[in-house]
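J.:
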Amino acid sequence: MKKFIAVICFFLVCGGVYSQSVFTYDLKKDIIIGTAALGVFVSPFFVSNVPGNIPGDLFKEDINALDRSFMFSYNRPLDIVSDHGVYALLLLPALSLAGNIRDKDAWLTYGIMYAEAFFLTFGTNDLLKNAIIRYGPYMYSGGIPDGQEDDYYNSFPSRSTALAFLSAGFLSATFSAEYP
Numbered sequence: 661m662k663k664f665i666a667v668i669c670f671f672l673v674c675g676g677v678y679s680q681s682v683f684t685y686d687l688k689k690d691i692i693i694g695t696a697a698l699g700v701f702v703s704p705f706f707v708s709n710v711p712g713n714i715p716g717d718l719f720k721e722d723i724n725a726l727d728r729s730f731m732f733s734y735n736r737p738l739d740i741v742s743d744h745g746v747y748a749l750l751l752l753p754a755l756s757l758a759g760n761i762r763d764k765d766a767w768l769t770y771g772i773m774y775a776e777a778f779f780l781t782f783g784t785n786d787l788l789k790n791a792i793i794r795y796g797p798y799m800y801s802g803g804i805p806d807g808q809e810d811d812y813y814n815s816f817p818s819r820s821t822a823l824a825f826l827s828a829g830f831l832s833a834t835f836s837a838e839y840p
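Numbered per this note's numbering, the sequence shown spans residues 661 to 840.
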């Protein structure tokens, strides 16, 4: 923990070393991209995501051996930890702003870029979830918690994985451009 605080303090002290971000926002371009991203983001709300024919009995033996070895029954604490881990990962791209901590334009530019990327990722993920019916691993052991039926019927692609890759990809792209 002390090392982490020391690194953060180092970045805060060196905040004025870099004069300007390599990214800039363009109002016309960002309005077009933002509108497209919002369109993709809201489109899953207009598509029905409930599968038509839900089999009453699902057997683990119907799943290939590799996937079957990773199937576990539902664990509420693990579900909560994974949700909070994804929310924490959404803050990861802020590390790219360590050198431009005082530059409000850089914060605005990164915020716009990240919001556009988030809306595109979230919307695309939900569109794929609605198009691909794949039952979650918990469906095979029974006992779906109340209110989470939709999440169990549409388990692919994983929203947690998509958002984690969004954060990691955004951080790697911006960090490599800012600090070559």
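Even for Gly, the Cβ is constructed at its ideal location relative to N, Cα and C.
For T781, I'd like the list of residues in its chain whose CB is within less than 7 Å of its CB, leaving aside the five on either flank, ordered along the chain.
T.: Here residue 781 corresponds to residue number 121 of the sequence shown, with the count starting at 1. Contacts found: A822, L823, L826.
J.: Spatial neighbours of A777 within its chain, please: C-beta separation below 7 Å, excluding the five flanking residues on both sides.
T.: Position 117 of the sequence shown, counted from the first residue, corresponds to residue 777. Here the set comprises L826, F830.
J.: Could you tell me the alpha carbon to alpha carbon distance between P840 and N724, rounded to whole angstroms?
T.: Locating residue 840 in the sequence shown gives position 180, where the first residue counts as 1. Locating residue 724 in the sequence shown gives position 64, where the first residue counts as 1. Distance between the alpha carbons of P840 and N724 is about 44 Å.
J.: On the three-state DSSP scale, how would you describe N814?
T.: By 1-based counting over the sequence shown, the position of residue 814 is 154. Residue state, collapsed to three classes: strand.
J.: What first and last residue would you give for the alpha helix (DSSP H) that runs through I792?
T.: Looking up residue 792 in the sequence shown gives position 132. That residue, I792, is in no alpha helix (DSSP H); it is neither H nor E in DSSP.
J.: Cβ atoms of V707 and G783: under 7 Å apart, would you say?
T.: As a working mapping, residue 783 is identified with position 123 in the sequence shown. As a working mapping, residue 707 is identified with position 47 in the sequence shown. Taking 7 Å as the Cβ cut-off, G783 and V707 do not qualify as a contacting pair.
J.: Just curious, the alpha helix (DSSP H) that K688 is in, first and last residue?
T.: Position 28 of the sequence shown, counted from the first residue, corresponds to residue 688. 687–702 is the extent of the alpha helix (DSSP H) around K688.
J.: Looking only at C-alpha atoms, which of T834, F664, F705, V702 sits nearest to G771?
T.: Here residue 771 refers to the residue found at position 111 when the sequence shown is read from its first residue. With distances taken between Cα atoms, G771 lies closest to T834.
J.: Taking a contact to mean a Cβ-Cβ separation below 7 Å, would you say P817 touches N785 in this structure?
T.: Walking along the sequence shown from the start, residue 817 turns up at place 157. Walking along the sequence shown from the start, residue 785 turns up at place 125. In contact: P817 and N785 (Cβ atoms closer than 7 Å).
J.: Please determine, among S832, F664, K663, I665, the residue with the shortest C-alpha to C-alpha distance to S756.
T.: Counting from 1 along the sequence shown, the entry for residue 756 is found at position 96. Of the listed residues, the one whose Cα sits closest to S756 is S832.
J.: Going by beta carbon distance, what residues of the same chain come within less than 6 Å of R794, once the five residues before and after it are set aside?
T.: By one-based count along the sequence shown, residue 794 stands at place 134. Taken in chain order, the residues that qualify are S815, F816.
J.: Spatial neighbours of V746 within its chain, please: C-beta separation below 7 Å, excluding the five flanking residues on both sides.
T.: The residue you call residue 746 lines up with position 86 of the sequence shown. Once the five neighbours on either side are set aside, the close Cβ partners of V746 are S820, L823, A824.
J.: Starting from the Cα of Y774, find the closest Cα among A791, D686, L750, D763 and give me that residue.
T.: Mapped onto the sequence shown, residue 774 falls at position 114. Closest option to Y774, Cα to Cα, is L750.
J.: First and last residue of the alpha helix (DSSP H) that includes T684?
T.: Here residue 684 is taken as the residue at index 24 of the sequence shown, counted from 1. Run containing T684: none; DSSP gives neither H nor E here.
J.: From which residue to which residue does the alpha helix (DSSP H) around F830 run?
T.: Looking up residue 830 in the sequence shown gives position 170. Where F830 is concerned, the enclosing alpha helix (DSSP H) stretches over 819–838.
J.: Can you name, in chain order, every residue of its own chain whose Cβ lies under 6 Å from the Cβ of R728, other than the five neighbours on each side?
T.: Taking the first residue of the sequence shown as position 1, residue 728 is located at position 68. K720.
J.: Identify, in the order they occur along the chain, each residue of the same chain with its Cβ nearer than 8 Å to the Cβ of L768, setting aside the five sequence neighbours on each side.
T.: Taking the first residue of the sequence shown as 1, we reach residue 768 at position 108. If we look at L768 and ignore the five residues flanking it on each side, its Cβ neighbours are Y685.
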